[in-house]
Every structure is written in structure tokens, then in C-alpha cells.
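Q: Take a look at the following structure, please.
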Amino acid sequence: MDNEINKNISPIKLLADDEPPAFEIVNTTGSSQFVLVCDHASKRVPLCLNNLGLTDEQLDDHVGWDPGAAEVARLLSKNLNAPLVLSGYSRLVIDCNRPLQSVQSIPEQSAGVMVPGNQKINEEERALRVNDLFHPYHNAITELLESRKNRTTFLLSIHSFTPVLNNQQRPWNIGVSFWRDNYFAKKLITALSQSKDIVVGDNEPYAIDAEFDYAVPVHGEARGLPSAMLEIRQDGIRSVEGVANWAGRITQACLQIK
Ligand SMILES: [Zn+2]
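Per numbering that gives the first Met the number 0: the sequence shown = residues 0 to 257.
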């Protein structure tokens, strides 16, 4: 593949007319009290960015997206009749779960992988990614939440995590994370922990930090909504059966929450 990224051409928009939009929204008017978001649903890179100089194998790995997360989120949306917003592009183009001022917003490297297409990008290039990907995705979530102002809403952000990081095996099958308000997360942890065959992370494998996370602090807590981030270990959701199993477990846990 051609790893050359032509820095001389500055497109006026990031996405060609025949490329998928920045986000997808499913089940907009679903009756559920849950609203689901999936920030790392896709490994797609806009054509004009030439795979960011990475191979397809690199983009397919966990640095490019959250494998399996979109499938679980879609099934959960169906099971619960819950609205779901999914990001349409790779986190390496711009990470929709990072504040724009974060150094990880457009990462020059991620988990040891250098991203050629993100090295020293200029303000125009950055603005294109912000305006054509980040803002449309988050505006869709804002609009959805605004439309439900008079309804009970629990915001659940769906992610997946790699079984091994920095040579460390991670023991949790699933984890629930919270920021300052743990109301929703604790209920979810209690409900998931009723299954004795799994290990449920309590603010593991990641704790939420407003400097590095976006959905829960901004769409959740800043709006006064009970909110949590769900992380599912990727080896459990590699197959259709695995996705169905985990979507089923999470559905049963969510149905216990009031
Ligand atoms: Zn993620």
C-alpha cells in the first residue's frame, strides 16, 4: 500500500460525498431510559488521509478502534429499544472520547504505534477533523439528549479493551467506570456481579478523568445525567455468539436499573 501522505493537498472537507457520515444514529426515538454511545465503533479512515500511513492490520488492531463494541452496542440498542449513536471513523483520526485540548485527541502515537499521518499536523488539518468528525458526532448526541429533556435518561458509553496491555494480562471480563457520580455505575456493577462466572471491574480497567474522557463528563455529568462507561474485554466479543452472550448479560443488568 502507498504510505505516502500528500501534505500539499488540503481538502476543504474531510469526507468525500460517497463516504459514510461522521456518525450513525440508531433507534432515535426508542422508548428506553438508556441512551447508548459508541465512540470507538469504527476503524474507518477518510480516504483523503490515506490510512494515516498505517497498514490495514494496524488499523484493525485495538489502537484503531474498539473491536466488537459496535456489535454489542447495536444488539443492546435492539434488546433495550434504546437510542444509540456510533462514531463513523477511527479514534486515530480524532478520538471522540478525548477533549479537544488533550494531547491524545489526534494522537501522534498510540500504545506504541507511531501514526505517520498525525505527525505535526497543521491547524487547518486539525480543524477539518474537528469540524467534520468530532463536532457532528457530539452534536448528534447533544441533540438526542436535548430531545429527551423531560425523560429519565441513563447515559451508557460502550467500549472494549484489549486482554493484554504492556504484557499484563487483564483479569476483568467487563468493567464499569464512573467519574464523580457513581450512582449508575454501582448499580450496574452490582447487577453484573450477580453472575459468579465473571470478573467485573469497578472503575477498572480505566477510571474516568475529565482531562482524558469526554462522553461521561460532558454528555453525562455536565447535564446531570446518571452516566457510566462500560468496557468489555475483546476476547469475549470476537464471535457472533460472544457478542450475543455479552449483549444478553448487559441487557439483563440494565433491566434491573431504576
Ligand atoms: Zn474505547
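From the three backbone atoms N, C-alpha and C, an ideal C-beta is built for every residue, glycine too.
Counting Cβ pairs closer than 8 Å, one from the segment 172 to 185 and one from the segment 218 to 235, do we hit at least three?
A: Yes, the segment 172 to 185 touches the segment 218 to 235.
Q: Could you say which of Gln-32, Gln-57, Pro-20 lies nearest to Lys-148 if we only look at CA atoms?
A: Nearest of Gln-32, Gln-57, Pro-20 to Lys-148, Cα basis: Gln-32.
Q: For Asp-131, count the other beta carbons within 10 Å of its own beta carbon; 16 or more makes it buried, fewer makes it exposed. Which is it?
A: By the 10 Å Cβ count, Asp-131 comes out buried.
Q: In angstroms with no decimal places, state the Cα-to-Cα distance between Gly-219 and Leu-127.
A: Computed Cα separation, rounded: 26 Å.
Q: Can you tell me where the alpha helix (DSSP H) with Glu-124 in it begins and where it stops?
A: Run containing Glu-124: 122 to 128, per the alpha helix (DSSP H) assignment.
Q: Is Gln-263 helix, strand or coil when you go by DSSP?
A: The first residue shown for the chain is 0 and the last is 257, placing residue 263 beyond what the model contains.
Q: What did DSSP end up calling Ser-146 once you bin it into helix, strand or coil?
A: Note: Ser-146 maps to helix in three-state DSSP.
Q: Classify Ala-15: buried if its beta carbon has 16 or more other beta carbons within 10 angstroms, exposed otherwise.
A: Result: exposed.
Q: Would you mind sorting Met-0 into buried or exposed? The rule is 16 or more other CB atoms within 10 Å of its CB.
A: Caution applies to Met-0, whose pLDDT of 47 falls short of 50 and renders its modelled position unreliable; the value that the coordinates give is listed next. Under this definition Met-0 is an exposed residue.
Q: In the structure shown, what three-state DSSP assignment does Ala-243 receive?
A: DSSP places Ala-243 in helix when its eight states are reduced to three.
Q: Taking all protein chains shown into account, decide if Pro-19 is buried (16 or more other Cβ within 10 angstroms of its Cβ) or exposed.
A: Exposed, by the Cβ-count rule.
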